[in-house]
């Protein structure tokens, strides 16, 4: 199926990084299989961070290798440094999302590095990638956390964000993600920032990562769509959060995002009925977590067939 | 203060029409006083429907008269027929929101009339208004439920909605509200429909009434804003619902709507801190209801001062 927009599941990474319950590898892989079966085209399936920082991801190599055996999605992972990228490449991962924060204070808190040091890690990853022929086609995505505000520094100047986009591109990033890590953005700010980022990136894709902390997650998707964004992160039931925004609710809800996009006539390729299994696995694995979302309970509008399902029926 | 946009509180009407608990008049009036103190410019404070249909509104005259003594907001009421309008006018109300559904099936279920019969009721209200000099300046708003879809009939054709807007205007409506009663709409549908409705209405205001049943309430506000809408209904904690959409969540949340508008640079004149008292009264009065919304818990972004508060400080 031709998809008009890529929805990327981040429940197994962003969604798990703050939860108190350790989810066993076999459950994570069952979760990943359910995501694949629902037609999600891309999944951030784990994070290669030191186990002493986030114990949940101690099994990153096992998860990455296990996921790569599941047909369907592009399996990508988050890494904060060169070492993480090396583990990911060794596991066979074909797309790496490198993260740093535009806010200096947030980057220090999150990865204990200056932004200059983080960019140097990214430079080393680009070198590493070119060191083996089998890594040549691996996609490197440059992710910018706190692109629309920071709980530590407050306002983050768009000019600084765009200069970081430029820096990533100059170093060799194949794609960009701009993240509203703490749910500060509003639609017109989003529209403006992504408009300029897309101009800088040319033909390289620019993804959006929104948190729904202040209720504007899907409103901000509207701003991003209008700017031309065609890649969106979301998680099952809105799982996720930032360690430096306590009490904040998480990512935008995958089911609701898919409904928005399909109602706007954009094919996601996702089967919402099959996606129910993902939610079921996640709710069983994380009984103490709060799950968000409305479309799952309310059902689709009477007489509405999502464009993805229309094509599937043809 | 100059307001850029009107937010209208409908918690005391839409928010109460389905709840199981009868809220005593003194509590409703305390609620109305708290809404006024928070700077809300317009309030739909009750509904003049027969008590045998909705017992909650048996005290409509008492509430209307009591609210009119509270300085600040424009106090308006919902009416489904001429008789209700007469009660409202006798109580001293200066703005009447007449409701009918674009969907023939929904109008039958809701008010047991054909849409032709409902328009005839509206015609009689226009006549009634001109029958006494003191009623001459009363504002008549024509509201169209199910303007973006119907749980009974499914798709509702935009051409039919616009022909109903035209009919209201020809009969003498001073304002229009288009309602997504059951939460079926998406932003571009909203944008298109309101764009045309605003063209038909000329200088007469067009309000938007969105339900968040499928999570797109605030996303649809973005579509409506872009079309030029500057009047929005919302309720405290998202209370509300439609009797013909069981299990549906309610209106968009007032606090989150105000945050969206202020973050977009539009002055609402609402003080979110003072609005907390409204939520407090509503939660105490309705312990069995679910309250929605995020900004109240998450707080405003660091360093962000709403435009309304900036002006208040000057």
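Chains as they are written, first to last, in the working numbering: chain U, 1 to 314; chain E, 1 to 314. Think of the CB as a built atom: it goes at the ideal place given N, C-alpha and C, for glycine as much as any other residue. Just so you know, these numbers come straight off a predicted model, no measurement behind them.
Worksheet item: Which two residues bound the contiguous alpha helix (DSSP H) that contains residue 222 of chain U?
Response: Start and end: 217-227.
Worksheet item: Which residues in chain E sit within 9 Å of residue 62 of chain U, going by Cβ to Cβ distance?
Response: By Cβ distance, chain E contributes nothing, its closest Cβ being about 35 Å from residue 62 of chain U, past 9 Å.
Discussion item. Using C-beta distances below 8 Å, list every residue in its chain close to residue 264 of chain E, excluding the 5 sequence neighbours before and after it, in chain order.
Written reply: Contacts found: 225.
Worksheet item: What are the residues that DSSP puts in a beta bridge with residue 135 of chain U?
Response: None, per the DSSP bridge assignment.
Item to complete: Tell me where the alpha helix (DSSP H) around residue 4 of chain E begins and ends.
Response: Per DSSP, residue 4 of chain E belongs to no alpha helix (DSSP H) and is neither H nor E.
Discussion item. Rounded to the nearest angstrom, what separates residue 192 of chain U and residue 252 of chain U at their Cα positions?
Written reply: Going by the C-alpha atoms only, they are around 20 Å apart.
Fill in: Own chain partners of residue 55 of chain E with C-beta closer than 7 Å, once the 5 adjacent residues on each side are dropped
Only 22 meet the Cβ criterion.
Worksheet item: Going along the chain, which residues of the segment 201-224 of chain E sit with their C-beta nearer than 8 Å to a C-beta in chain U?
Response: So the list reads 212, 213, 214, 215, 216, 218, 219, 221, 222 and 223, given in the order they occur along the chain.
Fill in: Same chain, Cβ closer than 8 Å to residue 212 of chain E, five either side skipped, listed in chain order
Closer than 8 Å at the Cβ level, and outside the excluded window around residue 212 of chain E, lie 183, 218, 238, 249, 250, 251, 252, 253 and 292.
Worksheet item: Rounded to whole angstroms, how far is the Cβ of residue 271 of chain E from the Cβ of residue 39 of chain E, which I believe are closer than 8 Å?
Response: Right, the Cβ-Cβ distance comes to about 5 Å (below 8 Å), so this counts as a contact.
Fill in: Reference residue 236 of chain E, options E/92, E/20 and E/28, closest by Cα
Here the closest residue by C-alpha is E/28.
Worksheet item: Buried or exposed: where does residue 187 of chain U fall if 16 or more other Cβ atoms within 10 Å of its Cβ makes it buried?
Response: The residue is buried, with at least 16 neighbouring Cβ atoms inside 10 Å.
Discussion item. If I follow the unbroken beta strand (DSSP E) through residue 74 of chain E, where does it start and stop?
Written reply: 74-79 is the span of the beta strand (DSSP E), which, as asked, contains residue 74 of chain E.
Practice prompt. Kindly say whether residue 178 of chain E, judged by its beta-carbon, lies nearer than 8 Å to any beta-carbon of chain U.
Written response: Taking Cβ atoms only, chain U never reaches closer than 8 Å to residue 178 of chain E, which makes this a no.
Item to complete: Give the straight-line distance between the Cα atoms of residue 53 of chain E and residue 137 of chain E, rounded to the nearest whole angstrom.
Response: When rounded, the distance between both Cα atoms is 30 Å.
Discussion item. Quick test of the definition: if touching needs 3 or more C-beta pairs under 8 Å, does the segment 143-161 of chain E touch the segment 87-94 of chain E?
Written reply: No, the segment 143-161 of chain E does not touch the segment 87-94 of chain E.
Fill in: Nearest-angstrom beta carbon gap, residue 31 of chain U and residue 208 of chain U [assumed within contact, 8 Å]
No, residue 208 of chain U and residue 31 of chain U are not in contact; Cβ-Cβ is about 23 Å, not under 8 Å.
Worksheet item: Does any residue of chain U bring its CB to less than 8 Å from the CB of residue 260 of chain E?
Response: At least one CB of chain U lies nearer than 8 Å to the CB of residue 260 of chain E.
Practice prompt. Anything in chain U within Cβ reach of residue 145 of chain E, meaning under 7 Å, just list it in chain order.
Written response: Under a criterion of Cβ atoms nearer than 7 Å, no residue of chain U is adjacent to residue 145 of chain E; the nearest Cβ is some 15 Å distant.
Fill in: Contact list for residue 83 of chain E against chain U, beta-carbon separation under 8 Å
Within chain U, no residue comes near residue 83 of chain E; the closest Cβ sits about 32 Å away, beyond 8 Å.
Worksheet entry | Cα-Cα separation between residue 273 of chain E and residue 170 of chain E, rounded to whole angstroms | It is roughly 42 Å from the alpha-carbon of residue 273 of chain E to the alpha-carbon of residue 170 of chain E.
Practice prompt. Put residue 89 of chain U into one of helix, strand or coil per three-state DSSP.
Written response: Residue state, collapsed to three classes: helix.
Worksheet item: Using a C-beta cutoff of 8 Å, does residue 295 of chain U count as contacting chain E?
Response: Output row for residue 295 of chain U: interface = yes.
Fill in: Reference residue 110 of chain E, options E/12, E/181 and E/276, closest by Cα
Taking only the C-alpha atoms, the option nearest residue 110 of chain E is E/181.
Worksheet item: In terms of residue numbering, what span does the alpha helix (DSSP H) encompassing residue 316 of chain E cover?
Response: What is shown of chain E runs 1 to 314, which leaves residue 316 of chain E out entirely.
Discussion item. At the 8 Å Cβ level, is residue 306 of chain E part of the contact set with chain U, yes or no?
Written reply: For residue 306 of chain E, the nearest beta carbon of chain U is not closer than 8 Å to its own beta carbon.
Worksheet item: Under the rule that 16 or more other beta-carbon atoms within 10 Å means buried, what is residue 202 of chain E, buried or exposed?
Response: Answer is exposed; the Cβ neighbour count stays below 16.
Discussion item. Rounding to the nearest angstrom, what Cα-Cα distance links residue 68 of chain U and residue 284 of chain U in this structure?
Written reply: The straight-line gap from Cα to Cα measures roughly 24 Å.
Worksheet item: What residues in its chain sit with their C-beta under 7 Å from that of residue 65 of chain E, if we drop five residues either side in the sequence?
Response: Hits under 7 Å: 91 and 92.
Worksheet item: Hey, how far is the Cα of residue 268 of chain E from the Cα of residue 1 of chain E?
Response: So the two alpha carbons sit approximately 9 Å from each other.
Worksheet item: Bridge partners of residue 235 of chain E, per DSSP?
Response: BP columns for residue 235 of chain E point to E/253.
Worksheet item: Of all the CB atoms in chain E, is at least one closer than 8 Å to the CB of residue 23 of chain U?
Response: The Cβ of residue 23 of chain U sits no closer than 8 Å to any Cβ of chain E.
Worksheet entry | Beta-carbon separation (whole angstroms), residue 234 of chain E vs residue 7 of chain E, contact threshold 8 Å | By a beta-carbon distance limit of 8 Å, residue 234 of chain E contacts residue 7 of chain E. Their separation comes to about 6 Å.
Fill in: Local conformation of residue 61 of chain E per DSSP, three classes
DSSP places residue 61 of chain E in the helix class (H, G or I) of the three-state scheme.
Worksheet item: Would you say the segment 122-133 of chain U touches the segment 158-177 of chain U, given that touching needs at least three Cβ pairs under 8 Å?
Response: With the cut-off at 8 Å, the segment 122-133 of chain U and the segment 158-177 of chain U touch.
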